[in-house]
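Visitor: Position 7 (the sequence shown) corresponds to 11 in the numbering used here; numbering is contiguous.
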Amino acid sequence: MPWIQLTVAASELHAPQVGTMLQANGAQAVTYRDAQDNPIFEPPLGEVLYWQETLVTGLFPAETNLQPVLQNLKQSAIFRDNFSYKTDPLEDKDWEREWMDNFHPIQCGDRLWICPSWREVPNPDAVNVMLDPGMAFGTGTHPTTAQCLTWLDGQDLTGKTVVDFGCGSGILGIAALKLGAKQVIGIDIDQQALIATRENAERNGVAEGMQVYLPSQQPTLEADIVLANVLAGPLQELADIISAYVKPEGNLVMSGILERQIDAVQSAYEPVFSFAPPQIQDDWVMLTARRCQ
């Protein structure tokens with residue numbers, strides 16, 4: 005099905021209102037992007053931030069007459085005499101195929117590969133985790149996940165118990181099990197993530213070693229390794245809970261942290277943990293630490 009995009013320039017203050025107006029006028033989807041190039045990394049919990057100059061794009065079926073839509077927008081007090089827009093045709097493509105073509109097998113470390121199901125496995129003798137992009141976060145493409153996977157590949161996980169805190173798709177826990185871990189406990193606030201983790205564990209033949217829980221159901225235990233691929237805010241707020249999962253001399257691996265957040269995150273866990281030097285990839289940081297006796 006062919007589409008047409010209507011993109012409207014808006015201020016930070018008015019961007020959400022413009023998006024609502026586009027939806028009210030028949031837009032099938034609305035997206036927001038920066039008119040300049042000023043990234044927003046991690047907003048405060050519960051807060052949605054927009055750029056100072058925001059481009060709001062509505063997606064309409066190609067046969068839509070946009071003149072009434074434009075007229076409605078122009079009449080809004082938001083724009084007054086400053087109404088800037090453009091329209092672009094969006095070619096009719098096989099979007100599912102286009103989306104699938106963007107995902108390729110990813111090597112993490114020496115032994116581990118993350119492979120979408122529609123691609124040929126590059127090395128049948130490697131440790132291959134079969135995982136398709138889905139509703140839960142974690143495909144191995146983002147630096148925060150890739151860093152954790154590479155760290156896991158370099159460990160001897162034989163017989164180890166691992167907690168995957170904020171398990172998402174289950175990718176880290178599944179990789180740990182396929183690399184020799186005895187048991188993985190996956191914890192997430194999103195029920196969809198727990199479903200995705202179970203399904204992905206079954207697909208990879210490691211379901212027997214995987215247990216998943218909501219935070220309200222999480223068991224009391226001490227693990228050899230705790231993986232927490234979330235964000236700096238939750239890592240600080242939940243420091244006592246996350247720390248309690250790590251047994252003495254156990255390992256803690258945290259990612260989803262920006263360089264400017266390193267000191268704040270580390271201070272939430274010291275002096276209980278001794279930190280190794282941070283590992284940085286594309287502005288994202290992974291912190292590894294060992295719990296003291």
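No residue lacks a Cβ here, since even glycine has one placed at the ideal position from N, Cα and C. Model, not experiment: these values are computed from the prediction.
Which residue spans inside the segment 109-185 form an unbroken beta strand (DSSP E) run of at least 3?
Guide: With a minimum length of 3 residues, the continuous beta strand (DSSP E) runs that stay inside the segment 109-185 are 110-112, 116-119, 131-134, 165-169.
Visitor: Return the bridge partner residues of Ser15 from the DSSP annotation.
Guide: To locate residue 15, count along the sequence shown from 1; it is residue 11. Glu57, per the DSSP bridge assignment.
Visitor: Nearest to Leu10 by alpha carbon, out of Arg294, Ala232, Phe83, Val60?
Guide: The residue given as residue 10 occupies position 6 in the sequence shown. Checking every option, the nearest Cα to that of Leu10 belongs to Val60.
Visitor: Quick check on DSSP: helix, strand or coil for Leu74?
Guide: The sequence position of residue 74 within the sequence shown is 70, counting from 1. In the structure shown, Leu74 sits in a helix (DSSP, three-state: H, G or I).
Visitor: If we call anything under 8 Å between Cβ atoms a contact, is Gln270 one with Leu291?
Guide: Here residue 270 corresponds to residue number 266 of the sequence shown, with the count starting at 1. Here residue 291 corresponds to residue number 287 of the sequence shown, with the count starting at 1. Their beta carbons are under 8 Å apart, which means Gln270 touches Leu291 by this criterion.
Visitor: From what residue to what residue does the alpha helix (DSSP H) around Arg264 run?
Guide: Translated into positions along the sequence shown, residue 264 becomes position 260. It is not in any alpha helix (DSSP H) - Arg264 carries neither H nor E in the DSSP assignment.
Visitor: Just to confirm before moving on: does the CB-CB distance between Val234 and Gly170 stay below 8 Å?
Guide: Against the sequence shown, residue 234 aligns to sequence position 230. Against the sequence shown, residue 170 aligns to sequence position 166. Result yes, Cβ atoms of Val234 and Gly170 sit closer than 8 Å.
Visitor: For the beta strand (DSSP E) that contains Ile246, what are its first and last residues?
Guide: Numbered from its first residue, the sequence shown carries residue 246 at position 242. From DSSP, Ile246 is part of no beta strand (DSSP E) but of the alpha helix (DSSP H) over 243-248.
Visitor: Quick check on this structure: which residue in Gly209, Gly190, Thr145 has the alpha carbon closest to the alpha carbon of Ala222?
Guide: Taking the sequence shown and counting its residues from 1, the one referred to as residue 222 is at position 218. Going by the sequence as given, residue 222 is Gln instead of Ala. Gln222 has its Cα closest to that of Gly190, out of Gly209, Gly190, Thr145.
Visitor: Could you pull the DSSP bridge partners for Asn233 from this structure?
Guide: By 1-based counting over the sequence shown, the position of residue 233 is 229. Ser259.
Visitor: Thinking C-alpha only, which one of Ala33, Leu161, Glu274 is nearest Gln297?
Guide: Numbered from 1 along the sequence shown, position 293 holds the residue referred to as residue 297. Closest by alpha carbon: Glu274.
Visitor: Out of curiosity, what's the CA-to-CA distance linking Pro281 and Ile266?
Guide: Position 277 of the sequence shown, counted from the first residue, corresponds to residue 281. Position 262 of the sequence shown, counted from the first residue, corresponds to residue 266. So the two alpha carbons sit approximately 10 Å from each other.
Visitor: Would you kindly check if the distance between the Cβ of Ile175 and the Cβ of Leu116 is under 8 Å?
Guide: Taking the first residue of the sequence shown as 1, we reach residue 116 at position 112. Taking the first residue of the sequence shown as 1, we reach residue 175 at position 171. Taking 8 Å as the Cβ cut-off, Leu116 and Ile175 do not qualify as a contacting pair.
Visitor: Have a look at the DSSP bridge pairing and note the partners of Asp92.
Guide: Along the sequence shown, read from residue 1 onward, the residue named residue 92 stands at position 88. Answer by DSSP bridge pairing, in chain order: Gln9.
Visitor: Within 10 angstroms of the Cβ of Ala198, are there 16 or more other Cβ atoms? Answer buried if so, exposed if not.
Guide: What you label residue 198 is simply residue 194 of the sequence shown in a count that begins at 1. Per the sequence shown, residue 198 should be read as Leu rather than Ala. Counting Cβ neighbours within 10 Å, Leu198 comes out buried, since at least 16 surround it.
Visitor: Under 8 Å Cβ to Cβ from Asp286, same chain only, skipping five residues before and after it: list those, please.
Guide: One-based indexing of the sequence shown puts residue 286 at position 282. Cβ within range, chain order: Pro147.
Visitor: Here's the rule I'm using: 16 or more other beta-carbon atoms within 10 Å means buried, otherwise exposed. How should Val12 be labelled?
Guide: To locate residue 12, count along the sequence shown from 1; it is residue 8. With 16 or more other Cβ atoms within 10 Å, it is buried.
Visitor: Which word fits Leu173, buried or exposed, when buried means at least 16 other C-beta atoms lie within 10 angstroms of its C-beta?
Guide: Reading the sequence shown from its first residue, position 169 is the one you call residue 173. Looking at the sequence itself, residue 173 is Ser, so the reference to Leu does not match. Buried, since its Cβ has 16 or more Cβ neighbours within 10 Å.
Visitor: Gly260 to Gln75, Cα distance in whole Å?
Guide: The residue labelled residue 260 in the question sits at position 256 within the sequence shown. The residue labelled residue 75 in the question sits at position 71 within the sequence shown. One C-alpha to the other measures close to 43 Å.
Visitor: Per DSSP, Tyr36 is paired with what?
Guide: Locating residue 36 in the sequence shown gives position 32, where the first residue counts as 1. Beta-bridge pairing links Tyr36 to Val60.
Visitor: Would you kindly work out how many angstroms separate the C-alpha atoms of Gln111 and Asp157, rounded to a whole number?
Guide: The residue labelled residue 111 in the question sits at position 107 within the sequence shown. The residue labelled residue 157 in the question sits at position 153 within the sequence shown. Taking the straight line from one Cα to the other gives about 10 Å.
Visitor: Please work out which residues of its chain come closer than 7 Å, Cβ to Cβ, to Thr35, disregarding the five sequence neighbours upstream and downstream, and give them in chain order.
Guide: Within the sequence shown, residue 35 is the residue found at index 31, counting from 1. The answer, listed in chain order, is Thr61.
Visitor: Report buried or exposed for Gln32, applying the criterion of at least 16 other Cβ atoms within 10 angstroms of its Cβ.
Guide: As a first step, residue 32 must be located in the sequence shown, where it is residue number 28. Gln32 is exposed by the Cβ-count criterion.
Visitor: With a cut-off of 8 Å, do at least 3 Cβ pairs link the segment 161-170 to the segment 214-231?
Guide: With the cut-off at 8 Å, the segment 161-170 and the segment 214-231 touch.
Visitor: Would you identify the three-state DSSP class for Ile82, choosing helix, strand or coil?
Guide: Within the sequence shown, the letter at position 78 stands for residue 82. Three-state DSSP puts Ile82 in coil, outside helix and strand.
Visitor: Near Thr201, which residues of its chain fall below 6 Å by C-beta distance, leaving aside the five closest residues on each side in sequence?
Guide: Within the sequence shown, numbered from 1, the residue matching residue 201 stands at position 197. These residues qualify, in order along the chain: Cys171, Gly174, Gly190, Val216.
Visitor: Helix, strand or coil: which one does DSSP assign to Gln222?
Guide: As a first step, residue 222 must be located in the sequence shown, where it is residue number 218. In the structure shown, Gln222 sits in coil (DSSP, three-state: anything other than H, G, I, E or B).
Visitor: Any beta carbon from chain C within less than 8 Å of Pro93's own beta carbon?
Guide: Any reference to chain C falls outside this structure, which holds one protein chain only.
Visitor: At the level of alpha carbons, what is the spacing between Glu16 and Met25?
Guide: For the purposes of this step, residue 16 is identified with residue 12 of the sequence shown, where counting begins at 1. For the purposes of this step, residue 25 is identified with residue 21 of the sequence shown, where counting begins at 1. Those two C-alpha atoms are separated by around 15 Å.
Visitor: Tell me the rounded alpha-carbon separation between Arg37 and Phe87.
Guide: Numbered from 1 along the sequence shown, position 33 holds the residue referred to as residue 37. Numbered from 1 along the sequence shown, position 83 holds the residue referred to as residue 87. Their backbone Cα atoms lie some 17 Å apart in a straight line.
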